[in-house]
Structure formats: C-alpha cells, structure tokens
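J.: If you use our numbering, the first sequence corresponds to residues 80 to 514, in order. Below is a structure I'd like to ask you about.
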Amino acid sequence: MSEYFPIVEISRLSRYIGQQVSLRGWVAHLRSSGKIRFVVMRDGSGLAQGVLVKGHLPEKDFDAFEDLTLESSLQLTGLVQAEPRAPGGYELQVTGLTPIHIAQEYPIQPKEHGVGFLMDQRHLWLRSPRQQAIMRVRDEVCRACRDFFHDRGFVLIDTPILTPTACEGTTNLFETDYLDRGKAYLSQSGQLYLEAAAMALGKVYCFGPTFRAEKSKTRRHLTEFWMVEAEAAFYTLEDLLNLVEDFVRFIVVRVLANREPELTLLERDPAPLEAVARPFPRISYTDAVAKLREQGVEMAWGDDLGGDEETALSRMFDAPVMVHRYPRQAKAFYMKADPDNPDLALCVDMLAPEGYGEIIGGSQREDDLEILLERLREHNLPREPLEWYLDLRRYGSVPHSGFGLGIERTVAWLCGLKHVREAIPFPRLIDRLYP
RNA sequence: UCCCCGGUAGCUCAGCAGGUAGAGCGGGUGGCUGUUAACCACUUGGUCGGCGGUUCGAGUCCGUCCCGGGGAGCCA
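Structure (structure tokens):
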C-alpha cells in the first residue's frame with residue numbers, strides 16, 4: 080500500500096464516514112460467500128465489519144483473508160460507511176488487508192463454555208464482549224470512588240500491603256517470610272493505618288488490594304480483592320451513615336450515566352439501580368432480627384446475619400439497606416460501644432439489593448485508651464504490636480469513623496453477575512492461582 | 001474444613017441392564033457476491049481424570065486419590 084490513511088479507533092468511525100481509514104485489531108468473526116467476504120474485527124474500542132469484494136482490492140489482500148483465523152491480528156484499510164446490517168453499525172469497503180499475526184486455533188468459541196474452562200482461559204476470556212463490558216464498569220466504579228473522595232477533601236493515603244500483624248486478630252492471613260525479621264502478613268485492611276492518617280489529615284481514604292486466606296468457597300469471596308476504605312476524624316456513626324449513603328449513590332449514578340451501553344450488553348436491568356435515588360433504609364440489627372423472624376427466619380438475637388439472612392433482608396427493600404448497631408460481642412475490637420446500650424457496637428453494614436450481600440462495613444472507632452485496652456484483652460490480642468495504634472488514643476484522641484467498600488461485590492451487583500470472580504481481571508480464589 | 005454434583009474428542013455433551021466410543025460445535029478441504037453463532041458437501045479428531053480391585057470382559061460396578069462446579073461457615 081503506497082497511500083497513507085489515518086489509523087483510527089473503531090469507536091471514532093462515525094467521524095470518518097466517506098473517508099478512507101485504517102483499523103488495527105483482531106478478528107472477531109469471519110464469513111465468506113466466495114467472491115464476497117466479511118471480517119468483523121475488534122480493537123478494544125468497538126466492533127466493525129470489513130467487506131471484501133473480489134476485484135475491489137489487490138488480489139494478494141483478498142487472498143490473505145483465507146489465512147485469517149479467529150483472533151488473528153490485522154490491519155484493514157477501506158472506505159467507511161454507515162451500515163445498519165454490520166455489527167457495530169459501520170463497515171469498511173476494504174481496499175487493503177494486512178495480516179499482522181495469524182492466530183493458532185482459538186480455544187474460546189461463541190458458545191456455552193464451562194466455568195472451569197473459561198477460568199483456565201481467563202487471559203483470553205477477557206477479550207469477549209461481556210468481559211470487556213464488566214472491566215469498563217469496574218473502571219468507572221474505581222474512578223467514581225476516587226472522584227467522590229477527592230471532591231470532598233479526602234486525601235489518598237496508600238497503606239502498606241506487608242504488615243507485621245493482623246488488624247482484626249483474624250488468623251486467616253497470608254504469611255510470608257520477611258528477610259531476616261521473621262514473618263510478615265499481607266494486609267487484610269488498611270484501616271488502622273488510615274486511622275493514624277486521619278489524625279494527621281482529617282479525612283483520608285485508601286484504595287488497594289487486600290488479602291484474606293479464608294477457605295471461603297462462595298460466589299461472594301475472593302482471596303485477593305480490592306477495597307476502598309475511608310476514615311474521618313470527628314465523624315460519628317450518624318455522619319458515617321450519611322457518608323456511605325452519598326458514596327454508594329454517587330457510584331451508582333455515575334455508572335448509570337456513563338456505562339449504559341455496557342449495562343445493556345450485560346442485560347442488566349437498570350431499574351433496580353435507579354432505586355438508589357430514594358433514601359436508603361436504615362434499620363437497627365435488633366429491628367432486622369425482628370423483621371426476619373416475622374418472615375419465618377429462625378434466628379436468635381446475637382446471631383450474625385448469614386448469607387440467607389442478608390438475602391432475605393435485602394429483598395425487603397429496593398434500595399441498599401444499612402443495618403446498624405450489631406451486637407458488640409460479634410464485632411471487631413476497635414468498634415465503639417453504643418453509649419445507650421453497651422451490648423451494641425456503633426457499626427453499620429450496607430447490604431446491596433437483590434441478594435448481592437454486604438458491600439460496606441464500617442463503624443465509629445473506640446477512641447478511649449482504657450476501653451480499647453480492655454477490648455484487646457477480651458479478644459486475646461497482643462498489645463505490643465499495636466502500641467503505635469494505641470498512641471492515637473494518647474495524643475489528642477477524637478471521635479472518628481470509617482468504612483470499607485468491596486469493589487468486586489459492588490461491580491458484581493451493578494453488572495448483575497452471578498459470581499464476583501468475573502468482577503476482577505484475574506481472580507484469586509481458594510483453589511485458583513492461575514493464570 | 002464440611003455437604004452435594006461432576007470429570008468421555010479442542011469445546012458442550014450423549015453413551016440405556018458391564019460386551020472394546022458417538023453427536024453438535026470447532027479444525028481441515030471444496031462450493032457459494034450481503035453474511036449476522038451464515039449455509040451445503042466431504043473430512044480430521046479419544047491412554048473415557050490417575051491408581052488399584054471385581055469380572056472371561058469395565059467409559060459403565062467397588063475402593064482410593066487428584067481436579068472442577070455448586071452450597072455452608074467466615075467475611076468485603
């Protein structure tokens with residue numbers, strides 16, 4: 080090809096109608112009727128169809144079609160036309176076809192595959208339209224999180240991933256050798272560090288991967304997942320409830336506004352998401368238990384809400400529901416007791432609608448040194464590794480609150496996914512560390 | 001960790017009561033000037049997850065291990 084034509088992205092084709100352009104990408108579909116041939120290509124930004132008519136392009140380029148296989152990479156040159164029959168809405172009357180690489184037989188077909196097979200092929204599965212759509216929604220969620228906090232004056236604080244101890248005394252931590260200093264653990268939360276930073280900067284947040292070595296085998300669990308956590312000085316539980324409600328509403332509104340094509344491709348009904356425009360119901364744990372019992376769920380006050388209970392409860396409301404003031408004995412050591420009832424913790428879980436489960440957990444933190452020391456004893460936690468944390472209650476302690484939101488559960492809810500493993504590019508599960 | 005279900009061609013599966021393996025899709029070859037998961041013809045393709053046992057004979061029955069899926073507990 081001696082002539083030069085602009086190389087454009089498929090998503091911008093509408094601006095080039097009537098012009099000659101070049102596209103670079105991969106073969107998504109091939110069809111041939113002998114003298115007329117169709118190649119549907121994708122480039123990450125969209126789909127476009129190339130039409131090859133014998134005699135309208137060099138013989139060599141027309142013949143090159145015969146070598147093409149699914150997922151081969153290529154460059155197409157041609158005249159852009161709007162064409163309702165073409166996938167993507169535009170097609171190229173091809174005047175040049177240059178293969179870049181001829182793909183080997185591609186394992187993923189446009190048909191039903193088993194989950195195990197697709198997970199083994201995750202590196203290739205990401206190329207499918209559905210997976211691309213999920214990744215774009217995830218990207219939108221992540222940017223919405225950053226924008227929300229940035230707009231409200233929260234400062235991004237990157238908390239460490241290698242930590243000396245458990246934040247919550249859980250034994251389910253990934254352990255690793257730390258040079259000559261014994262063991263280190265992969266972080267399961269940035270919270271304690273975030274509390275320290277909140278005493279420095281007032282309002283802070285972190286956003287990163289967290290790790291739980293739990294042998295959990297459910298649709299809601301990953302061993303490595305991303306969490307955005309926030310902590311704010313002088314925030315009470317009531318302030319926290321308002322913050323998390325605004326936060327989740329902000330994320331959902333952004334995704335609805337910017338990722339409508341993706342939600343459509345995912346066949347996600349937007350109606351349940353639009354319900355976040357209404358106030359989120361707030362219900363105490365005690366009232367929640369009563370409501371569940373009315374529905375015939377057998378449970379005692381003090382039992383934690385399991386998956387079935389969460390699902391039953393969230394189905395009673397169309398917006399996310401905030402359950403606050405759980406029994407303190409079932410909760411983490413750092414949560415502040417309710418002054419009106421010391422058996423309760425000033426905490427909140429947000430349950431996503433439609434049975435998607437807990438997406439947020441947060442609380443007002445215990446800010447009194449003596450009470451905190453007592454909690455450590457109650458939970459049989461060693462004091463020495465947490466002296467730095469206790470310092471926060473020695474030097475200008477103030478009421479403060481914070482929360483964490485699980486990114487994959489949020490994405491799974493927004494996209495209507497059956498399992499969180501599709502909400503992260505390369506999921507890490509109890510029995511899966513590949514690819 | 002526990003409870004269920006499964007492992008047969010590259011993929012999705014069938015294989016009835018034990019008698020030596022099949023379909024569709026994909027791949028290959030040929031045909032077709034508007035295809036949409038194209039269509040038509042021909043064709044290629046398997047240590048039936050591993051090991052051990054029962055039997056004249058095991059994909060099929062038994063034991064065990066491995067792997068995958070679904071669920072529980074715990075959590076975001």
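Glycine residues also receive a C-beta, built at the ideal position from the N, C-alpha and C atoms.
So, using beta-carbon positions, are V106 and E150 closer together than 9 angstroms?
T.: Position 27 of the first sequence, counted from the first residue, corresponds to residue 106. Position 71 of the first sequence, counted from the first residue, corresponds to residue 150. Contact: yes.
J.: Using a 10 Å radius around the Cβ and a threshold of 16 neighbouring Cβ atoms, would you call H458 buried or exposed?
T.: Mapped onto the first sequence, residue 458 falls at position 379. Answer is exposed; the Cβ neighbour count stays below 16.
J.: According to DSSP, is E254 part of a helix, a strand, or is it coil?
T.: Indexing the first sequence from 1 puts residue 254 at position 175. Here E254 sits in strand by DSSP.
J.: Rank Q211, S152, Q270 and V100 by C-alpha distance to the C-alpha of Q160 and give the top, closest one.
T.: By 1-based counting over the first sequence, the position of residue 160 is 81. Among Q211, S152, Q270 and V100, the Cα nearest to that of Q160 belongs to V100.
J.: Assuming L455 and R462 are in contact, meaning their beta carbons sit under 8 angstroms apart, how far apart are those beta carbons, in whole angstroms?
T.: Here residue 455 corresponds to residue number 376 of the first sequence, with the count starting at 1. Here residue 462 corresponds to residue number 383 of the first sequence, with the count starting at 1. About 6 angstroms separates the two Cβ atoms, so the contact holds.
J.: My output table needs one value for N337: the three-state DSSP class, helix, strand or coil.
T.: As a working mapping, residue 337 is identified with position 258 in the first sequence. Of the three classes helix, strand and coil, the one that applies to N337 here is helix, per DSSP.
J.: Can you check DSSP and say which residues form a bridge with I115?
T.: Taking the first sequence and counting its residues from 1, the one referred to as residue 115 is at position 36. For I115, which the question treats as bridged, DSSP gives the partners V132.
J.: What's the call for Q183, buried or exposed, on a 16-neighbour Cβ count within 10 Å?
T.: Taking the first sequence and counting its residues from 1, one reaches residue 183 at position 104. Flag for Q183 reads exposed.
J.: Within the same chain, show all residues whose beta-carbon is closer than 8 angstroms to that of E339, passing over the 5 residues directly before and after it, in chain order.
T.: As a working note, residue 339 is residue 260 in the first sequence. Counting only Cβ-Cβ distances below 8 angstroms, and skipping sequence neighbours, we find P349.
J.: Alpha carbons only, please: which of S112, G175 and L271 is nearest the one belonging to A143?
T.: Looking up residue 143 in the first sequence gives position 64. Per the Cα distances, G175.
J.: Can you tell me which of E353, S90, D259 and E88 puts its alpha carbon nearest to the alpha carbon of I330?
T.: The count along the first sequence starts at 1 and reaches residue 330 at position 251. I330 has its Cα closest to that of E353, out of E353, S90, D259 and E88.
J.: Which class does L109 belong to by DSSP, given the choice of helix, strand or coil?
T.: For this step, residue 109 is matched to residue 30 along the first sequence. Correct three-state label for L109: strand.
J.: With 16 as the cutoff for other CB atoms within 10 Å, does L241 come out buried or exposed?
T.: As a working note, residue 241 is residue 162 in the first sequence. Answer is exposed; the Cβ neighbour count stays below 16.
J.: So, at 8 angstroms on beta carbons, what are the nonlocal neighbours of E162 in its own chain, with the 5 sequence-adjacent residues on each side left out?
T.: By 1-based counting over the first sequence, the position of residue 162 is 83. So the list reads Q128, G168, Y169 and E170, once near-sequence residues are dropped.
J.: Does the Cβ-Cβ distance between A309 and L252 come in under 9 angstroms?
T.: By 1-based counting over the first sequence, the position of residue 309 is 230. By 1-based counting over the first sequence, the position of residue 252 is 173. No. Outside cutoff.
J.: Go to F141, then tell me how far its alpha helix (DSSP H) extends in each direction, as first and last residue.
T.: As a working note, residue 141 is residue 62 in the first sequence. Residues E138 to A143.
J.: Bridge partners of K262, per DSSP?
T.: Indexing the first sequence from 1 puts residue 262 at position 183. K262 pairs with D256.
J.: Quick one: give me the first and last residue of the alpha helix (DSSP H) that P208 is part of.
T.: Working through the first sequence from its first residue, we reach residue 208 at position 129. First-last of the alpha helix (DSSP H) with P208: P208 to D230.
J.: CB L508 to CB A502, shorter than 9 angstroms?
T.: Along the first sequence, one-based indexing puts residue 508 at 429. Along the first sequence, one-based indexing puts residue 502 at 423. It is not a contact, given that the beta carbons lie outside the stated cut-off.
J.: Identify whether V331 lies in helix, strand or coil by the three-state DSSP scheme.
T.: Sequence index remark: in the first sequence, residue 331 carries index 252 (1-based). DSSP places V331 in helix when its eight states are reduced to three.
J.: Would you call K415 buried or exposed, if buried means 16 or more other Cβ atoms sit within 10 Å of its Cβ?
T.: The count along the first sequence starts at 1 and reaches residue 415 at position 336. Buried: at least 16 other Cβ atoms inside 10 Å.
J.: Please classify L131 as buried or exposed, where buried requires at least 16 neighbouring CB atoms within 10 angstroms.
T.: Along the first sequence, one-based indexing puts residue 131 at 52. Answer is buried; the Cβ neighbour count reaches 16.
J.: Starting from D237, trace the beta strand (DSSP E) both ways and give me its first and last residue.
T.: The residue given as residue 237 occupies position 158 in the first sequence. No beta strand (DSSP E) contains D237, which DSSP labels as neither H nor E.
J.: Note down, in chain order, each residue of its chain lying with its Cβ closer than 6 angstroms to the Cβ of M278, except the 5 sequence neighbours on either side.
T.: Working through the first sequence from its first residue, we reach residue 278 at position 199. Within the same chain, M278 has close Cβ partners L471.
J.: Is M80 helix, strand or coil by DSSP?
T.: Here residue 80 is taken as the residue at index 1 of the first sequence, counted from 1. Because the pLDDT of M80 is 47, which lies under 50, any placement of that residue in the model is unreliable, and the question is left without a value.
J.: Name, in chain order, the residues that DSSP records as bridge partners for M429.
T.: Position 350 of the first sequence, counted from the start, is the residue given in the question as residue 429. In DSSP, M429 forms a bridge with M401 and I439.
J.: For the alpha helix (DSSP H) that contains L392, what are its first and last residues?
T.: Counted from its first residue, the first sequence places residue 392 at position 313. From DSSP, the alpha helix (DSSP H) with L392 extends over G386 to S393.
J.: Strictly by DSSP, which residues pair up with R121?
T.: What you label residue 121 is simply residue 42 of the first sequence in a count that begins at 1. R121 pairs with W105 and L126.
J.: Between the region 111-128 and the region 187-195, do three or more beta carbon pairs fall short of 8 angstroms?
T.: Flag = no, the region 111-128 and the region 187-195 do not touch.
J.: Would you give the residue range spanned by the beta strand (DSSP E) that P288 belongs to?
T.: Within the first sequence, the letter at position 209 stands for residue 288. Looking at the DSSP string, the run of the beta strand (DSSP E) that includes P288 is K282 to F290.
J.: Give the secondary structure of Q479 by DSSP, where H, G and I count as helix, E and B as strand, and everything else as coil.
T.: Reading the first sequence from its first residue, position 400 is the one you call residue 479. Checking the sequence, you will find His at residue 479 rather than Gln. Here H479 sits in strand by DSSP.
J.: In whole angstroms, what is the alpha-carbon distance linking Y95 and P514?
T.: Position 16 of the first sequence, counted from the start, is the residue given in the question as residue 95. Position 435 of the first sequence, counted from the start, is the residue given in the question as residue 514. Approximately 39 angstroms between the Cα atoms of the pair.
J.: Quick check: the Cα distance between T315 and Q374, rounded to an integer number of angstroms?
T.: If you number the first sequence from 1, residue 315 lands on position 236. If you number the first sequence from 1, residue 374 lands on position 295. Between T315 and Q374, the C-alpha separation is close to 32 angstroms.
J.: Taking the alpha helix (DSSP H) that A367 belongs to, which residues open and close that run?
T.: As a first step, residue 367 is located in the first sequence; it is residue number 288 there, counting from the start. Element bounds for A367: Y364 to E373.
J.: Anyone know if the C-beta pair for I236 and V283 falls short of 9 angstroms?
T.: Here residue 236 is taken as the residue at index 157 of the first sequence, counted from 1. Here residue 283 is taken as the residue at index 204 of the first sequence, counted from 1. For I236 and V283, yes; Cβs fall inside 9 angstroms.
J.: Alpha carbon to alpha carbon, what distance is there between L430 and V523?
T.: Beyond the ends of the chain as shown, which are 80 and 514, falls residue 523; an answer cannot be given.
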